[in-house]
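*Asks:* Dropping the structure in here first, questions after.
Protein chains: 2
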Amino acid sequence: MTKFISKRNLQFLIKEVFETKTLTSYDYYSEHNEKMFDMVIDEALKFAVKLMYPLLDEMDKNPPELVDGEVKVHSAVKKIMKEFGQGGWIASGFSKVHGGDQLPFIIKGATSFIFAAANYSASAYPELTTGAAELITSFGSQSLIDTYVPKMINGKWQGTMALTEPQAGSSLSDIITTATRTDKGHFKIKGVKTFISAGDHDGVENVIHLMLARIDGAPPGAKGISLFVVPKLRVDSDDDLVPNDITVASIYHKLGYRGAPAAELSMGEKDDCRGWLVGIENKGLSHMFQMMNEARILVGLASCAIASAAYYAALDHTENRRQGRPLAQKDPFIDQIPIIEHTDVKRMLLFQRSIVEGSLSLILQCCMYADLMKVTKGEEKEKYGLLLDLLTPVAKAFPSEQGIVSTNIAIQCFGGYGYCEDFPVEQYMRDVRIHAIHEGTTGIQALDLLGRKIVMENGKAAFLFVDEVKKTINTALEIPGLEFFANQLANAMKMLENVTGFLITAYGKKGVDVYLSDATLFLEFYSRIVISWQWLIQGIASKKALGGSCSKKDRWFYKGKVFTMNYFFRYELSKADSLAIRLMDEDNLTLEMKPEYFKD
Amino acid sequence: MTKFISKRNLQFLIKEVFETKTLTSYDYYSEHNEKMFDMVIDEALKFAVKLMYPLLDEMDKNPPELVDGEVKVHSAVKKIMKEFGQGGWIASGFSKVHGGDQLPFIIKGATSFIFAAANYSASAYPELTTGAAELITSFGSQSLIDTYVPKMINGKWQGTMALTEPQAGSSLSDIITTATRTDKGHFKIKGVKTFISAGDHDGVENVIHLMLARIDGAPPGAKGISLFVVPKLRVDSDDDLVPNDITVASIYHKLGYRGAPAAELSMGEKDDCRGWLVGIENKGLSHMFQMMNEARILVGLASCAIASAAYYAALDHTENRRQGRPLAQKDPFIDQIPIIEHTDVKRMLLFQRSIVEGSLSLILQCCMYADLMKVTKGEEKEKYGLLLDLLTPVAKAFPSEQGIVSTNIAIQCFGGYGYCEDFPVEQYMRDVRIHAIHEGTTGIQALDLLGRKIVMENGKAAFLFVDEVKKTINTALEIPGLEFFANQLANAMKMLENVTGFLITAYGKKGVDVYLSDATLFLEFYSRIVISWQWLIQGIASKKALGGSCSKKDRWFYKGKVFTMNYFFRYELSKADSLAIRLMDEDNLTLEMKPEYFKD
């Protein structure tokens, strides 16, 4: 069987690092237990191996086509949506009231990781449906919930997020799709939406768009945007499904992520596209962002899932491909060695593993915060909420950016073979590339982190993070073999304090343009420290386990963990030093560079 | 017209930075003058714009197919080869004796840059032919030259480099293709070659392989490899072309570089494949490396050409795409601004420009060394030769690796559009990816630099490089506005001395495995310093020009140069600090990490 994720690592993170079973002491999760969590993950893995992974190449090579105004997708999509629905995967994280299992987000996250690693495009259909249905359950009227949610969570109807317009990509406040009030309880929608993932296809009976639009007369900018349910087919008075005046203008031919369509949709060409308001008028952007934050974490998760699949493909190749000999060995009669024995190849593998397992750890940490936020109260709830808010741009952007590097390195491990379609790594590199773009580009995440999250509530979240890291450092200082890493992280935190202080001072003296001019660098700088923290947490759990009795295989696993932590600190955290040099440089060259200086 | 290179920048480098016309004072180049160089570049550009660029997308979308044992390529290939031949482009750098123009390599390089930027796949056919024909002229007998070279340089016959075998990729010494001596002046060839670019196609009448093989009874390893001409069709006694028993076993379906085929060839299945020895028996690898070094520089050049094309596509998009407003401006009634006005976008553009123009400068510097080596004598000749040898792995690997990053950033400048096939950047990212793999992977270049070039002749080349940089620093120190950069480079050179000293000491104490364990990091570290040197050289020329009178457009160009130099020093050279931290770290984790620790 082809390996695309490590179940052992998932178990390590869920049980040993984050002790997920502690969640079951809370009422909301009390019907679960650790054994059930194991079963869920086993089932997800079986499902992914049997139904999703075998379609990876096929869905890539047979991308969606626009035929007579409808998007035709791979015939397996119908089956996938059906099985996801019937298996309860779409709504597993929903409350019982809304047809779900109240599964903790950390376990739901683990299953999403497995599905995305097996076949990201295939996983996007149900995942998008989950997000859209969740938005309706969170803000929609009971009537909207009753009409849409059951069919979405059983996989019969597709859900989408319809935000982007030609003139409103990163700048969502520039949305101009209009919603005109009628006296019949619905609005008339008119406008164009672009890049809508799963925006139309023949694998489902209907497509339900959660769409942002501007009600006639609403204030300009972000404060005048509302959220609507806009179905492809609407239910008429006879309970029949009839077309809702949405036209598929085109579909995009993409570098990767080819198994799922991205469509341009035109609403109301016949002035007969109806939408139903979800939540409060003009609060659409804030409603959408509740979902968007979860979506961003899922993007980070999908990136690290794809990087995981690429890593295991590369690992397998390096174990089997023989090429070259030890450097000190020049005898041509000696057999060539598996390339995994070359230090440079081990470095490339350690890099990939450090990115995959470091990112996954952070994302499951975020999921755990979300779970705890849900079941705790007062100050504790606030704390988890703030930490989650703070770390979301990191959990989205770092895996997305490093996922590109990591899949690229997977190709390098294959040499020329990696450049060919016979091996999956070239597809992984194409697939992963979307994640630094959709659900907010890396630049947008950077502005969110430095411009919003670091300074919110007078830096409360930032200080809470410092406390969390200190706790980890103090624990690590007590464990033989971890002092070096604890001290390195403490030094990095000192550096973070200096850099942040420098930037805040610049903010006060020189304004927001200077403050945010290198936000993207700050995001990378901050991320390297955050991931080091996650590696130290994993190092603590590994060292503890190595201190007890464990099997040879477990010993290998934990030793590998410690080596990978060591790798991340020495090769990747060290890069924060260079970023700090630039971040504390007073030269504002990107502000001063004029567009005409690019001309010649 | 779509811009894929900057002619202004080429002129700047050729005339103002490297003062190429000084070459014409040497006998060998005395028939040329600056005006002729200008004309050559103008012609190349016209040719590229008219014939090559328009086929970029088409050749990508219609890759070669293997039909009835022959590779069918895009019909334009025939025309391209013909025009390249008739235009004299294939042999332009050859001596008059061999049908060439004795064009300096720096000018030939500029034309290769233009062709690769317009359409890399299309340019590969003639470039490979140049390399193969050059090898025959360098080492072949007059009879071989007469038989093959004229038809190759007029574009009728394709040339290839046939090195790689299934078990001999990076480890070329493991070649097992055999050559059995006959009493008829030729050898019988038997074996399999993989990944042979332009290894077969119907755009030419014949394909001439410059192939490495092992003569029966030759010593094992690198010392027993010989070089042969092995044609697809051989000339029989009646002067007819007859099949030479080479079978195309398969062609590869690749991530990019799709306009040119990569073939697996099987020789001698009927025991009737004939090869003719080129040069000296068992010296094949060293003969091949004379060509290979030039090929490596051309790979670097092609990478930066593709990155150039991606950069100009991104620049154009950012000038025209409006999105968002200045950070301090929240009024939604204000028009959105071109995204080139956002600092983060300017940073991304400066990054690309710094990589493209910094790499191109280094490569033309190498070409200049090659030209000077050709026409000078004694110590001077030795100096240029050593510098060229030293810098070749840098000129190959840095643009290849950073070309991936640069084209990736070009996609990011486009946002979602960059992920779609409607814009060329996704193709550029796919095309450029090959360069870190073929003609020696980055890991191989790293071993070449640290394991061979730095230490050769007791570090003579490394010290010559230090002298060159010192000269540049001293010049810069005299120019107002360049002190900062001169000092930064001087500090970096001090750091280089420390790192190299540290590694050499480790070599002595701990052996070659430790010395070379982070060779790839050293290569990047060294490259960042080398490129900074090239940027300072460009900064000197720009500051000089700005000191005189120049047009507004020229002023923009030079100011842009100074900003880009500033960018490279502050954002890219600073990364050398982090690499130095790791390179001087005593922990040998990649040596100690065991393959089994990757298991779980």
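Protein chains in written order, with this note's numbering: chain S, 121 to 720; chain Y, 121 to 720.
Backbone N, C-alpha and C define an ideal beta-carbon position, used for all residues, glycine too.
(1) Can you give the Cα-Cα distance for V525/Y and V476/Y, rounded to whole angstroms?
(2) In chain order, what residues of the same chain have a beta carbon less than 8 Å from the beta carbon of L788/S, not counting five sequence neighbours either side?
(3) Report the option in L421/S, P363/S, E712/S, G207/S whose CA atom is closest to the CA atom of G275/S.
(4) Take P458/S and list the residues in its own chain whose beta-carbon comes closer than 6 Å to its own, dropping the five residues that flank it on each side.
(5) Evaluate the contact criterion for the stretch 492 to 502 of chain Y versus the stretch 508 to 519 of chain S: three or more CB pairs, one atom per stretch, below 8 Å.
(6) Any idea if G628/Y is buried or exposed, counting beta-carbon neighbours within 10 angstroms, 16 or more meaning buried?
(7) Can you check whether the C-beta of H71/Y is within less than 8 Å of a C-beta belonging to chain S?
(8) If you reduce the DSSP assignment to three classes, tell me which class N326/S lands in.
(9) Looking at the structure shown, is E185/S part of a helix, part of a strand, or coil, going by DSSP?
(10) Could you check whether the Cβ of A556/Y sits closer than 8 Å to any Cβ belonging to chain S?
(11) Name the chain S residues whose beta carbon is nearer than 7 Å to that of S637/Y?
(12) Cβ closer than 7 Å: which chain Y residues qualify as neighbours of E716/S?
(13) Strictly under 8 Å for the Cβ-Cβ distance: is A168/Y near chain S by that measure?
(14) Count the other C-beta atoms from every protein chain shown that fall within 10 angstroms of the C-beta of D451/Y, then say buried if there are 16 or more, exposed otherwise.
(15) I believe A427/Y touches V552/Y by the beta-carbon criterion, under 8 Å. Please report the beta-carbon distance rounded to the nearest angstrom.
(16) Does Q443/S have its Cβ less than 8 Å from a Cβ in chain Y?
(17) Going straight from the alpha carbon of T144/S to that of G220/S, what length do you get?
(18) Would you be able to state if there are at least three C-beta pairs under 8 Å between the stretch 354 to 368 of chain S and the stretch 283 to 297 of chain S?
(19) What residue range is occupied by the uninterrupted alpha helix (DSSP H) comprising W676/S?
(20) According to DSSP, is A211/Y helix, strand or coil?
(21) Could you give the residue range of the alpha helix (DSSP H) that holds Q532/Y?
(22) May I ask which residues mark the beginning and end of the alpha helix (DSSP H) holding A282/S?
(23) Which residue's Cα is closest to the Cα of D391/S: A612/S, F677/S, I366/S?
(24) Quick one: residues in its chain with C-beta nearer than 6 Å to the C-beta of P544/Y, no 5 flanking neighbours on either side, listed in chain order?
(25) Return the residue from the list T280/Y, G289/Y, A665/Y, K228/Y that minimises the CA-CA distance to D158/Y.
(26) In terms of residue numbering, what span does the alpha helix (DSSP H) encompassing M156/Y cover?
(27) Would you say P544/Y faces chain S, with C-beta separation under 8 Å as the test?
(28) Taking 8 Å as the cut-off, decide whether the C-beta atoms of I273/Y and G535/S are in contact.
(29) Counting only beta-carbon separations shorter than 8 Å, does E502/S have a partner in chain Y?
(30) Please decide whether I335/Y counts as near chain S, where near means a Cβ-Cβ distance under 8 Å.
(31) Starting from N129/Y, find everything on chain S with Cβ-Cβ shorter than 9 Å and list it in chain order.
(32) Just the chain Y side, please: which residues come within less than 8 Å of F683/S by C-beta, in chain order?
(33) Hey, is the stretch 681 to 695 of chain S in contact with the stretch 642 to 660 of chain S, meaning 3+ C-beta pairs nearer than 8 Å?
(34) Taking V792/Y as the query, report the chain S residues whose CB atoms sit under 9 Å from its CB, ordered along the chain.
(35) So, is the C-beta of E541/Y closer than 8 Å to a C-beta in chain S?
(36) Report the start-end ranges of each alpha helix (DSSP H) in the stretch 223 to 271 of chain Y that is 4 residues or longer and not cut off at the edges.
*Replies:* Quick answer:
(1) 11 Å
(2) Residue 788/S is absent from the structure shown; chain S starts at 121 and stops at 720.
(3) G207/S
(4) E439, R442
(5) no
(6) exposed
(7) Because chain Y in this structure spans residues 121 to 720, residue 71/Y falls outside the shown range and cannot be described.
(8) strand
(9) strand
(10) yes
(11) T463
(12) W676
(13) no
(14) Around the beta-carbon of D451/Y, fewer than 16 other beta-carbon atoms lie within 10 Å, marking it exposed.
(15) 6 Å
(16) yes
(17) 16 Å
(18) no
(19) Segment 672 to 687, the alpha helix (DSSP H) holding W676/S.
(20) coil
(21) Residues 498 to 534.
(22) Note, A282/S: premise wrong, no alpha helix (DSSP H); beta strand (DSSP E) at 277 to 282.
(23) I366/S
(24) Once the five neighbours on either side are set aside, the close Cβ partners of P544/Y are A433.
(25) When each option's Cα is compared against that of D158/Y, the closest is K228/Y.
(26) 154 to 167
(27) no
(28) G535/S sits away from I273/Y, with the two beta carbons spaced by 8 Å or more.
(29) no
(30) no
(31) D720
(32) Those are L709, E712, M713, Y717, listed as they occur along chain Y.
(33) yes
(34) The structure shown does not extend to residue 792/Y, since chain Y is modelled only from 121 through 720, so no value can be given for it.
(35) yes
(36) For the alpha helix (DSSP H) assignment, the uninterrupted runs of no fewer than 4 residues enclosed by the stretch 223 to 271 of chain Y are, from N- to C-terminal side, 225 to 238, 240 to 259.
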